[in-house]
Structure formats: structure tokens, C-alpha cells
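See structure below.
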Amino acid sequence: MSTIICKQGRFWEIARNCDVLYISVTHAPDCMKGFLYVSDALGGCFPSEAQLFQAVHEHGIVYGIDIDAIRNMAKNKTSNVYVEIAGGNPPLPGIPGRMEILIDVSKKGKPKKLADGRVDYRDISYVVNVTKGTPVVRHVKPVPGQPGTTVFNKAVDPLPAPDVPIAHGRGIVSSPENPDVFIAVINGAIIVHPGGKIDVVDDKVISGDIDYKTGNIMFSGNLHVTGNVRAGFEISVDGDCLIDGNVEDAKVNSLGDIEIAGGAIGSSKGCLRSGGTVKVRHIANFNVQAASDIIAEDVLHCTLSTEGSIKAKTVVGGVIAVWKSVTIDTIGAKAEPKTIIDIGGRNMLLQEKYDLLKHLSTLTVESGACKEKIFELVCNEMDDSGKLNSDSFEFLDGLKKKYGSVKEKCAATQTQIETLDRKLENTPVPSINAQTIYPNTIIKFGATEKVVKEKLNHVRITVDGEKICMGKY
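Using our numbering, you'd call the opening residue of the sequence shown number 351 and step up by one each time.
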């Protein structure tokens, strides 16, 4: 009968009739695997299954033992081969911390897909805007890993999951409600830097032209374009807009000032709309609207409208509507193109008021018709108990909703008319100062107009009541 007669280190000597056979039990350096080795180099009997198990336990391996592997080893008398007979569970790594962007920037630089399947290559979301208070980025803390177990049944702690530095930049701060969430403190554009830093800026510089590379631009801050704005494209900003080049039959909308270092040349499709001042060197065949002043050198066949003043070197052709003053060196030209100067902007206001009054009249008629239908329905469909059937009641409910909607529209239109009346009452006394006015220039003030029939020099035009007065300066 075989017995263990000697143990030295991890070797067990088994003897039978003086025939010696060695068993070696080893483990991996990380203690995650155990191996069994039987050597027949010196001959002898092969150990039994029980002896193999005993050798494994004597080595201290008690976890993850592969019973079948040991039994097969004994059954097949496997020798001179290291057999894996135990396996531990390695520790599971944790999930590293990260900064998660809460704004969808996946569509940036991609053409917008239209409902009919086509794509708009002028709308590629070159700028991703956010508003003040919007959550921009969130710090996701690392998730710890799970401990493992060695073949000696000892726990192995996982490596700490790495965290990322909170690399928020300009324009965002930690939320008072959640310190791991960062919100925008301004209206602006989100910029994601290669290193993970995130900014929200209200001043953006676009180097080069506005064209198919950038698409149309919408930005909630101030915008500086170093190149040109190509024909057919559009810029809309909530702040000021500075363009170093030219605007080519494009649209520029700004709640602040618009300044164009070059010119704005179009084919009557281009438009500049400003909530402040418009300043441009040369402008031709453009529509320009400004809440404040319009300043230009040469204006050719344009429609200009401003609640402020207009200052220009030359105005030839087109229509100018101005609330305050007009200061122009030369109005018209020798070829006598038709040039209209509407001082005070009263014509436009009166036309707008007329349109609103017409709309109010239509709404009033519609309101009266609804009211009459309600009266007829109640009189004709109500039974002796004072009730309506379900169909009539549903129809009555629809009429009431329509009547209420029309009344709201009437009130809103009336408010617009009253606002226009106040503007008309408070219109400042306008004036025109020009060194030269050529014939076929028409001066308008409200319903009054005066046609210049001969060349005038050093002219000052004002109004007295509804009368247009011309004088020298």
C-alpha cells in the first residue's frame, strides 16, 4: 500500500516496494492558478486519487479546485506534465471616472437632414449653443472594482479605479444643487478641447469664410468672422457681429451691432438686420434694418430702415426710411435715378398701422360671427330642461374656444396699434443735411412728399407739422 513517506518543500515522496515517485504542487506568482505535476523519472507506482488530493491540500490550495482534472490525472496516470488543477477569481477592475458632456454635439459639422430625405449643406451645426443655466458637463465618479480570491482562499483587492481631473473651463461653474454637475453661466457656444477641457464662450472667432465648410451660423454671443460671408448663407447672433471681409448676397441677423470692414454687395436678396448700429463701407442692392444708426460710405439701390440716424457719403437710388436725421454728402446722381428719403419713418408706421387696423376689422367680424353662432345654437338646440345633447355640447365647446382665441388675437392686435400710436406721437423732428441733392429725389414725411426737380447744394430739410421745409446751411 502506497504511503507518503517524505515531504520536502512542495515535493511529496511516495514509496511502494522501494519504488519512488514524486508529486509536485505549484502555483502561479499571482496565486490565481494551481498546478499538479507527477514525475516518473525514477520509476515507481502512480499515486492514487486520494493521494493527489491530499498533496494539493497540503500545499494549501483550497479554492477553485478542479476535481475532474485531478480525477482524470489519476485515472489516466498523467505524468511529466503540469496540469492546472485550481483557479482563483481575479479581481474585477473598476470603471474609471470621466467627464460626461450633457449637450448633444454629435451633429456638429454634419448636414441637417430634411423631412423629405434631402440634406441642407448650409446647416451643419458648426456652432453648438447653450443658454445660461443649462447643464453642460457632469463628473461621473469612478466605480470601485470587485475583490478577487486566490487558490489559497485569500481576498485580493482590485486596483483603485482612476479618476479624471475636473477640467471645466470658462463660462461654466459647479451647480449649487449638485457639485458634480457644471452649468453654463452665460449664453454662448460650447467648445470641447482635445484634452477634455470644456468652455462656454460668448465671443467666438471663425477664421476664414462662412461657406459650405461652416454652414449657416447661429451663435448666442458675439461673433467675429475673419473672412467673407458667401452668397446664400446666413448668420444669426445674439450679440455683436464683426466681419473683416465682404457679405455676398447673404443674410446677417444680430441683436447687437453689425460691422462689415468690406462691403455688402447683393442682388436684392441680401439682408442685414441689427438690434443696434450697422456700419459698412460699401453697400449695394441690400436690405438693411437697424434699431440704431446706419453708417456707410457708398449706398447704391438699397432699402435702408432705421429708428436712428443715417450717415453716408453717397446714396444713389433705393429707399431710405429714417426716424431721426439724415446726413449725406450726395443724394442721387447725374443720371437722376429715383431716390426716396422718408424722414421720420412715418410712412412705414402708417402703413403698418393701416394693415393692423384692417386685420383687427377682420378679427372683429369673425368674433361677432362666433358669438352669433353660439347664441343661435343655445336658442335652437337647448331642450326644455335647459340642456344640450352631446353633439351640440361638443360643437358649442368648439365655438367657445374659437371665440376666446379670436378675442385674444383682437387684444394683441389692439396692443400693437396702441404701441404704433405712441411711436407716431413721439417721433422726433427729423432732418436732412446734404451737400448735394440731385433731381428725381423724393422727400417723404408721412403722407406728404416733395420731389426735387433741380440740383440743390448745401440743403437742410426739416418739417413743420406735416409740411416739408427746405433751406440752406
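We treat Cβ as the ideally placed atom computed from N, Cα and C, and that holds for glycine.
Could you check whether alanine 534 and lysine 619 sit closer than 9 Å to each other, using their CB atoms as the reference points?
no
What does a CB cutoff of less than 6 Å around lysine 661 pick up in its chain, not counting 5 residues either side in sequence?
Ile645, Thr677
Identity of the residue in Ala436, Asp530, Asn422, Gly558 nearest valine 490 by Cα:
Asp530
So what's methionine 423 in DSSP terms, helix, strand or just coil?
helix
Look up valine 809 in the DSSP assignment and say whether it is helix, strand or coil.
strand
Alpha carbon to alpha carbon, how far is cysteine 591 from methionine 820?
38 Å
What number of angstroms, rounded off, separates the C-alpha of valine 486 from the C-alpha of phenylalanine 636?
39 Å
Valine 649 to alanine 634, Cα distance in whole Å?
6 Å
What number of angstroms, rounded off, separates the C-alpha of phenylalanine 551 from the C-alpha of glycine 498?
The question names phenylalanine, but residue 551 is valine in the sequence shown. Approximately 47 Å between the Cα atoms of the pair.
Name the residue from Tyr387, His409, Ile445, Ala436 whose alpha carbon lies nearest to the alpha carbon of serine 429.
Tyr387
If you measure between the beta carbons of valine 756 and glutamate 722, is that distance less than 9 Å?
no
Please list, in chain order, all residues of the same chain as leucine 605 whose beta carbon is under 6 Å from its beta carbon, the five residues on each side excluded.
Asp588, Gly625
Any chance the segment 668–676 sits against the segment 702–720, with 3 or more Cβ pairs inside 8 Å?
no
Beta-carbon proximity check, glycine 577 vs glycine 565, cutoff 9 Å
no
So the beta strand (DSSP E) tyrosine 788 belongs to, where does it begin and stop?
No beta strand (DSSP E) holds tyrosine 788; DSSP gives it neither H nor E.
Note the first and the last residue of the continuous alpha helix (DSSP H) segment covering threonine 564.
Per DSSP, threonine 564 belongs to no alpha helix (DSSP H) and is neither H nor E.
Asparagine 603 - partner residues in DSSP beta bridges
Ser586, Arg623
Could you tell me the distance, in whole angstroms, from the CA atom of aspartate 380 to the CA atom of valine 542?
42 Å
From what residue to what residue does the alpha helix (DSSP H) around isoleucine 434 run?
Looking at the sequence provided, one finds glutamate at residue 434 rather than isoleucine. Taken as a continuous stretch (DSSP letters only), glutamate 434 belongs to no alpha helix (DSSP H), being part of the beta strand (DSSP E) at 433–437.
To which residues of the same chain is asparagine 790 closer than 6 Å at the C-beta, ignoring the five residues directly before and after it?
Glu686, Lys688
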